[in-house]
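Below: the structure, in structure tokens.
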Amino acid sequence: MKSNKFWIIVLGIIVTISAVVAVLFWQVQASYANIYKDGELFRPPVNLLAVTEPYSVMIYDGFSSGSDGLSSQSGADGLNVIEIEYGRVRMSESNCPLGICLHRGWVSGGIMPVVCLPNRVVVTFDGVSDDNRIDAVVG
Amino acid sequence: MKIPVKKLTLMAILTAVALIIFIIEAQIPLPVPVPGVKLGLANAVTLFALFYTSEAGGQVQGFTLTPKVKPCTCPPASLRFFYIKDNIKYFSIYNVLFILLCRIILGAVFTGRPIVVVYSLAGGMLAFIAMVVMKRFVSDKQIWVCGAIGAVFHNIGQILAAIIITGTPSIAAYLPILIITGVITGILTGLVAQFTLERLEKMPIVL
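Taken in order, these protein sequences are the chains called A and B. Everything in the first sequence is counted per the working numbering, starting at 135 for the first residue and increasing by one. Everything in the second sequence is counted per the working numbering, starting at -11 for the first residue and increasing by one.
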């Protein structure tokens, strides 16, 4: 049997490593957002740095329609509305029971995707440039 | 599997308690922007069952590799690693597993979300294995360590299930945050189980 001190150190190390990795994951400005439904990309990656007019994408009942005029077929059930602005994205509406995806608020990048597990909607980010990284840290 | 009535009754009570905790917890939304963060208080019941013994104080409560019963009536040698004394005073890990599975399946039925089964099952099984292994390395005053490790593995299991269901490996990026919250909530639920067991030992009623 190990002492309490040993276990506190072990758990402390686990938490510290996770904290460092988590901090690295959160702060990076992305240039592309990919919106997935049921693991499938249903519209071309959105270039976040080329968005001039904010618009939204609604995913509902097997279809997705954006206020930018682009619409396509997507996975089954669930209602999600994703708003897209210059450099950032948010889940603005969802019929999932807990609304965890809504609590994320505006997200401008990082490795951490915006996830709505009950409706299986995932927004991932990629494409990072150095000048944007500075913006992200300051902002 | 023959289970003494007294033990079966206690298992049923523990399942009911775990189920109630699980359902009430599912009704409370946490204002956290990360999916999968929760207190996981139902795990306290699993921990309680894993460390439970009806003998008051002074008894060895860990794994016993030599059961009291003669070899002919106990499980094959290959299974003996996972064997806690099979008499009324202890739960074997199969009993604990039974409590856990009942809670998970009934929990999904009562919360009305079948997808919950997949996440709970993946997390619950991994956490259960981790806690059974951890039980060999901790004393009965260190149940909180077991709880923390269990919670971390529960989150790992859930993330794996989420990756498979949504088909997006980048969900793994949530893991560091879930591990941090898991350690904190795991210590809390572990302490709940530990204090309950400590108080129970001092009680005049024998469960």
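All residues carry an ideal CB built from backbone N, CA and C; glycine is no exception.
- The CB of serine 127 (chain B) comes closer than 8 Å to the CB of Met135 in chain A, given here in chain order.
- Remark: fewer than three beta-carbon pairs, one from each stretch, lie closer than 8 Å, so the stretch 205 to 214 of chain A and the stretch 236 to 243 of chain A are not flagged as touching.
- Out of B:Ala118, B:Ala32, B:Ala161, B:Lys123, the CA that lies nearest to the CA of valine 249 (chain A) is found in B:Ala161.
- Contact between the stretch 173 to 188 of chain A and the stretch 219 to 239 of chain A is present: three or more C-beta pairs spanning the two stretches fall below 8 Å.
- With respect to alanine 136 (chain B), leucine 35 (chain B) sits apart: the two C-beta atoms are not nearer than 8 Å.
- Closest option to isoleucine 159 (chain B), judged by alpha-carbon separation, among B:Val104, B:Ala118, B:Thr41, B:Gly24: B:Gly24.
- Within chain B, the residues Gln130, Val133 have their CB atoms less than 7 Å from the CB of tryptophan 141 (chain A), given in chain order.
- Chain B has no Cβ within less than 8 Å of the Cβ of tyrosine 166 (chain A).
- Sixteen is the threshold: when 16 or more other Cβ atoms of the shown chains lie within 10 Å of the Cβ of valine 223 (chain A), as they do, the residue is buried.
- About 5 Å separates the Cβ atoms of leucine 29 (chain B) and isoleucine 9 (chain B), confirming a contact at the 8 Å cut-off.
- The beta carbon of alanine 110 (chain B) sits no closer than 8 Å to any beta carbon of chain A.
- For alanine 6 (chain B), the closest Cβ of chain A is not nearer than 8 Å.
- Counting only Cβ-Cβ distances below 7 Å, asparagine 214 (chain A) has no contacts in chain B at all, with the closest Cβ about 13 Å away.
- Interface annotation for the stretch 153 to 181 of chain B against chain A: Ile153, Thr154, Gly155, Thr156, Ser158, Ile159, Ala161, Tyr162, Pro164, Ile165, Ile167, Ile168, Val171, criterion Cβ-Cβ distance under 7 Å.
- For methionine 246 (chain A), the C-beta contacts it makes with chain B under 7 Å involve Ala161, Tyr162, in order along the chain.
- Residues of the stretch 192 to 225 of chain A that bring their beta carbon within less than 7 Å of a beta carbon in chain B are absent altogether.
- When the Cα atoms are used, valine 84 (chain B) and glycine 233 (chain A) turn out to be separated by approximately 33 Å.
- Under the rule that a run must span 4 or more residues, the alpha helix (DSSP H) segments found entirely inside the stretch 204 to 270 of chain A read 234 to 237.
- Remark: C-beta atoms of aspartate 260 (chain A) and tyrosine 166 (chain A) approach each other more closely than 8 Å.
- One finds Ala161, Pro164 in chain B with Cβ atoms closer than 8 Å to the Cβ of phenylalanine 159 (chain A), taken in chain order.
- When C-beta atoms of the stretch 173 to 186 of chain A are compared with those of the stretch 143 to 152 of chain A, fewer than three pairs fall below 8 Å, so the two segments do not count as touching.
- A distance below 7 Å between beta-carbons, with the five flanking residues on each side excluded, links arginine 91 (chain B) to the following residues of its chain, in chain order: Thr3, Ala6, Leu7, Phe10, Ala30.
- Taking all protein chains in view, the Cβ of lysine 129 (chain B) is surrounded by fewer than 16 other Cβ atoms within 10 Å, so the residue is classified as exposed.
- Between leucine 38 (chain B) and lysine 26 (chain B), the CB-CB gap reaches or exceeds 8 Å.
- By the Cβ-count criterion, valine 157 (chain A) is exposed, with fewer than 16 other Cβ atoms from all chains shown falling within 10 Å of its own Cβ.
- Pairing leucine 109 (chain B) with leucine 89 (chain B), the inter-Cα distance amounts to about 8 Å.
- In the structure shown, the three-state DSSP call for glutamate 174 (chain A) is strand.
- Secondary structure at alanine 30 (chain B): coil, using DSSP grouped into helix, strand and coil.
- Residue-level contact check: serine 152 (chain A) touches chain B, since one or more beta carbons of chain B fall below 8 Å from its beta carbon.
- With contacts defined as CB atoms closer than 8 Å, histidine 142 (chain B) and leucine 114 (chain B) qualify as a contacting pair.
- Under a criterion of Cβ atoms nearer than 9 Å, the residues of chain B adjacent to tyrosine 170 (chain A) are, in order, Thr154, Gly155, Thr156.
- DSSP places glycine 200 (chain A) inside the beta strand (DSSP E), whose first and last residues are 197 to 200.
- If you check each beta-carbon in the stretch 93 to 105 of chain B against every beta-carbon of chain A, the ones closer than 8 Å belong to Arg101, Ile103.
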